[in-house]
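Peer 1: Residue 35 in the numbering used here sits at position 40 of the sequence shown, and the numbers go up by one each step.
We treat Cβ as the ideally placed atom computed from N, Cα and C, and that holds for glycine.
Handing you a structure now.
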Amino acid sequence: MGSFFGNFVVQILVGVGLMVFLITLAETFKASALRKTTKLSKEEEFKIKGDMQKEIMALREEVDALKCTLLEHSMSLQSNVDGIKHRLESVETRSQELRR
């Protein structure tokens, strides 16, 4: 049971770490592009901002997908834990009935 919770915690930490990494990466791209826009024409600046917005949206969608995956794993693990608890209670009940 201890390794079950250990794996669950590791999955959560990996998911959160990945989200932080992706957001940091997007912010770095944004800052880099903003520095370059000072030398660009308005047309080029508009194109870069549009590309950045697309990239940010793609990263946000990826983060949302990771959140969903993490939630699915969490729900699956919780379902397994509930099933094991139910089986344990059933075995305990049968064991108590046999002792009588």
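Am I right that residue 51 and residue 21 are in contact with their C-beta atoms under 8 Å? What's the rounded C-beta distance?
Peer 2: To locate residue 51, count along the sequence shown from 1; it is residue 56. To locate residue 21, count along the sequence shown from 1; it is residue 26. Between the beta-carbon of residue 51 and that of residue 21 there is about 5 Å, and that keeps the pair under the 8 Å contact cut.
Peer 1: From residue 86 to residue 73, what does the alpha carbon distance come to, in whole angstroms?
Peer 2: Taking the first residue of the sequence shown as 1, we reach residue 86 at position 91. Taking the first residue of the sequence shown as 1, we reach residue 73 at position 78. Cα to Cα, the separation comes out at about 20 Å.
Peer 1: What are the boundary residues of the alpha helix (DSSP H) that residue 36 is part of?
Peer 2: Locating residue 36 in the sequence shown gives position 41, counting from the first residue. Neither: residue 36 is in no alpha helix (DSSP H) and is coded neither H nor E.
Peer 1: Is there contact here, the stretch 38 to 52 with the stretch 76 to 83, by at least three beta-carbon pairs under 8 Å?
Peer 2: no
Peer 1: Would you tell me roughly how many angstroms separate the C-alpha atoms of residue 46 and residue 9, rounded to the nearest one?
Peer 2: What you label residue 46 is simply residue 51 of the sequence shown in a count that begins at 1. What you label residue 9 is simply residue 14 of the sequence shown in a count that begins at 1. Cα to Cα, residue 46 sits roughly 28 Å from residue 9.
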